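Undergrad: Here it is: the structure, laid out below.
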Amino acid sequence: RGFLLDTFLLLYVRSGFQLISHPNIPLSSSQLITPIGRFVAAILLAIYSGLLYGLYVPDWQFNVSSSTSSLPPIAAGHLYMVNCSVRGDLGPACNSAGMIDRYILGFDHLYQKPVFRNLKECNMSSTGQVSDTSPSWCHAPFEPEGILSSITAAVSCIIGLQYGHVLAHLEDHKGRLNHWLGFSVSFLTLGGFLALIGIPLNKSLYTISYMLLSSAASGLTFMALYVLVDVYGHRRLTSVLEWMGKHSLSIFVLVSSNLAVIAIQGFYWTKPENNIVHWIVSQFHHK
């Protein structure tokens with residue numbers, strides 16, 4: 001989603017990204033944040049804010065099928081009603097992001113085990129089942145990577161593109177680090193301010209405050225690795241991270257499909273339960 005947008009910007013409006021500079025005249029931060037990048041990011045954030053806070057969310061209902069439910073069989077197939085009739089709510093039950101996904105994607109294409117089931121209101125058991133006495137929204141599906149959250153995720157990709165422009169257009173380490181530090185501190189300050197005035201840090205909704213703070217954290221981490229590897233030349237210390245970066249897509253597919261977990265569980269001592277995955281999980285449950 002965000003990468004597709006960045007690719008479009010680079011391929012089809014490349015002229016907007018050209019930076020005019022003189023070797024003896026340092027570029028300012030405003031020059032390195034491309035005009036079209038600022039424009040697109042501002043438009044996307046305006047659309048996101050308007051939809052998140054402006055859309056009216058009516059009461060809605062849903063049916064939990066037995067094939068996708070984590071409920072006991074007696075509760076599966078029950079029709080649940082969620083009372084909303086609000087605007088601008090950011091809770092798990094009545095946010096406009098969920099409403100948009102329900103209308104456009106449909107219930108069957110939403111994530112059936114959302115993270116908000118871990119809230120104390122949902123009374124989820126250790127086996128992953130939600131009690132039928134819990135609020136109705138605890139049983140509902142929710143897509144954490146839905147349509148609305150993709151908008152701010154695209155903005156975070158545009159921010160990453162600006163870090164890349166610094167790397168491409170500045171050659172000295174000090175200049176690169178100064179610009180990256182300026183970006184990161186600005187995002188950190190603005191994100192923290194938004195969080196203080198009431199815009200929550202919510203990954204599922206990918207709120208603006210979360211997007212800014214995560215971008216700042218990524219920028220600072222990138223700076224630390226840049227200093228370690230490119231400035232001081234300690235490449236061996238990050239060889240594992242480099243390998244993971246080169247094979248990130250393969251790692252994601254193996255982990256998300258549980259193929260890696262199943263393969264690791266194939267190695268055990270005397271009986272299948274004595275494997276490294278089971279041992280790690282038992283350590284966390286023990287704590």
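Residue numbering for the sequence shown follows UniProt numbering, beginning at 1 and increasing consecutively. Just so you know, even glycine gets a beta-carbon here, dropped at the ideal spot from N, CA and C. Computed from a predicted structure; not experimentally measured.
#1: Once you ignore the five residues that flank Q265 on each side, which residues in its own chain have a CB closer than 6 Å to its CB?
#2: Who are the near neighbours of S184 in its chain, counting only those whose CB is closer than 6 Å to its CB and skipping five residues on each side?
#3: How would you call P141, buried or exposed, if buried means at least 16 neighbouring beta carbons within 10 angstroms?
#4: Run through the region 249 to 273 for me and flag every whole alpha helix (DSSP H) of 4 or more residues, listed as ranges in chain order.
#5: Spell out the partners DSSP gives Q61 in its beta bridges.
#6: When you compare the CB positions of P58 and C84, do they come within less than 8 Å of one another, or not?
#7: Ends of the alpha helix (DSSP H) at G128?
#8: With burial defined as no fewer than 16 other Cβ atoms inside 10 Å of the residue's Cβ, what is the status of S214: buried or exposed?
#9: Mapping the DSSP letters down to three states, classify Y226 as helix, strand or coil.
#10: Can F62 and Y48 be called in contact, C-beta distance under 8 Å?
#11: Return the chain-ordered list of same chain residues with a C-beta closer than 7 Å to the C-beta of S282, the five sequence neighbours on each side being excluded.
#12: Relative to the C-alpha of Y111, which residue among E143, Y226, M244 and C122 is closest?
#13: Compare the beta carbon distance of S134 and N118 with 8 Å and say whether it is the shorter of the two.
#14: Under 8 Å, do L212 and L177 count as touching if we go by C-beta distance?
#15: With S209 and L194 assumed to form a contact (beta carbons below 8 Å), what rounded beta-carbon distance in angstroms separates them?
#16: From the DSSP output, which residues share a beta bridge with residue 290?
#17: Please report the straight-line C-alpha distance between A97 and G198, rounded to a whole angstrom.
#18: Is the beta carbon of L228 sitting closer than 8 Å to the one on H234?
#19: Would D101 and G175 qualify as a contact pair, given that the criterion is a beta-carbon distance under 8 Å?
#20: Would you mind working out which of V255, G37 and F116 sits nearest W137, comparing C-alpha positions?
#21: Work out the CA separation of S248 and L259 for me, nearest whole Å.
#22: Report the partner residues of V86 according to the DSSP bridge assignment.
#23: Considering only residues of the same chain and omitting the five flanking positions on each side of L170, which have a CB-CB separation below 6 Å?
#24: Let me know the secondary structure DSSP gives S69 once reduced to three states.
#25: Can you grab the Cα-Cα spacing for the pair Y268 / T207, in whole Å?
#26: Do you know how far the Cα of Y56 is from the Cα of I280?
#27: Within 10 angstroms of the Cβ of L161, are there 16 or more other Cβ atoms? Answer buried if so, exposed if not.
#28: If contacts are defined as beta-carbon pairs under 8 Å, then L90 and N202 qualify, I think. What distance do you get, rounded to the angstrom?
#29: Between V166, G88 and Q129, which lies nearest to residue 300 when the distance is taken from Cα to Cα?
#30: So, under 8 Å CB-CB, L148 and L52 are touching, yes? Tell me the CB distance rounded to an integer number of Å.
TA: Inspection of the coordinates gives the following:
#1: For the purposes of this step, residue 265 is identified with residue 265 of the sequence shown, where counting begins at 1. Hits under 6 Å: N275 and V277.
#2: Looking up residue 184 in the sequence shown gives position 184. Around S184: A216, G219 and L220.
#3: Counting from one through the sequence shown, the residue named residue 141 turns up at place 141. By the 10 Å Cβ count, P141 comes out buried.
#4: 259 to 265
#5: Working through the sequence shown from its first residue, we reach residue 61 at position 61. In DSSP, Q61 forms a bridge with M81.
#6: The sequence position of residue 58 within the sequence shown is 58, counting from 1. The sequence position of residue 84 within the sequence shown is 84, counting from 1. Yes, they are a contact pair.
#7: Here residue 128 refers to the residue found at position 128 of the sequence shown. Where G128 is concerned, there is no enclosing alpha helix (DSSP H), given that its DSSP letter is neither H nor E.
#8: Counting from 1 along the sequence shown, the entry for residue 214 is found at position 214. That one is buried.
#9: Taking the first residue of the sequence shown as position 1, residue 226 is located at position 226. Looking at Y226 - three-state DSSP - the assignment turns out to be helix.
#10: In the sequence shown, residue 62 corresponds to position 62, counting from 1. In the sequence shown, residue 48 corresponds to position 48, counting from 1. For F62 and Y48, no; Cβs fall outside 8 Å.
#11: To locate residue 282, count along the sequence shown from 1; it is residue 282. So the list is empty, once near-sequence residues are dropped.
#12: Here residue 111 corresponds to residue number 111 of the sequence shown, with the count starting at 1. Among E143, Y226, M244 and C122, the Cα nearest to that of Y111 belongs to E143.
#13: Walking along the sequence shown from the start, residue 134 turns up at place 134. Walking along the sequence shown from the start, residue 118 turns up at place 118. Contact: no.
#14: Within the sequence shown, numbered from 1, the residue matching residue 212 stands at position 212. Within the sequence shown, numbered from 1, the residue matching residue 177 stands at position 177. No; because the gap between Cβ atoms is not below 8 Å, this pair is not in contact.
#15: In the sequence shown, residue 209 corresponds to position 209, counting from 1. In the sequence shown, residue 194 corresponds to position 194, counting from 1. Right, their Cβ atoms sit about 4 Å apart.
#16: Shown here, the chain extends from 1 to 287; a query on residue 290 therefore has no answer.
#17: Within the sequence shown, residue 97 is the residue found at index 97, counting from 1. Within the sequence shown, residue 198 is the residue found at index 198, counting from 1. About 18 Å.
#18: On the sequence shown, position 228 is the one that residue 228 refers to. On the sequence shown, position 234 is the one that residue 234 refers to. For L228 and H234, yes; Cβs fall inside 8 Å.
#19: Looking up residue 101 in the sequence shown gives position 101. Looking up residue 175 in the sequence shown gives position 175. No, the pair does not count as a contact, with Cβ atoms beyond the cut-off.
#20: Counting from 1 along the sequence shown, the entry for residue 137 is found at position 137. Checking every option, the nearest Cα to that of W137 belongs to F116.
#21: Counted from its first residue, the sequence shown places residue 259 at position 259. Counted from its first residue, the sequence shown places residue 248 at position 248. Going from the Cα of L259 to the Cα of S248 covers about 15 Å.
#22: The count along the sequence shown starts at 1 and reaches residue 86 at position 86. Partner(s): V57.
#23: By one-based count along the sequence shown, residue 170 stands at place 170. These residues qualify, in order along the chain: R176.
#24: Numbered from 1 along the sequence shown, position 69 holds the residue referred to as residue 69. Only weak support is given to the placement of S69: the predicted model assigns it a pLDDT of 49, under 50, and the question is left unresolved by the model.
#25: As a first step, residue 268 must be located in the sequence shown, where it is residue number 268. As a first step, residue 207 must be located in the sequence shown, where it is residue number 207. Cα to Cα, the separation comes out at about 43 Å.
#26: Here residue 280 refers to the residue found at position 280 of the sequence shown. Here residue 56 refers to the residue found at position 56 of the sequence shown. Spanning the two alpha carbons is a distance of roughly 45 Å.
#27: Counting from 1 along the sequence shown, the entry for residue 161 is found at position 161. Buried: at least 16 other Cβ atoms inside 10 Å.
#28: The residue labelled residue 90 in the question sits at position 90 within the sequence shown. The residue labelled residue 202 in the question sits at position 202 within the sequence shown. 7 Å between Cβ atoms; contact.
#29: Outside the displayed range of the chain (1 to 287) lies residue 300, so it cannot be described from this structure.
#30: Taking the first residue of the sequence shown as position 1, residue 148 is located at position 148. Taking the first residue of the sequence shown as position 1, residue 52 is located at position 52. Yes, L148 and L52 are in contact; Cβ-Cβ is about 6 Å, under 8 Å.
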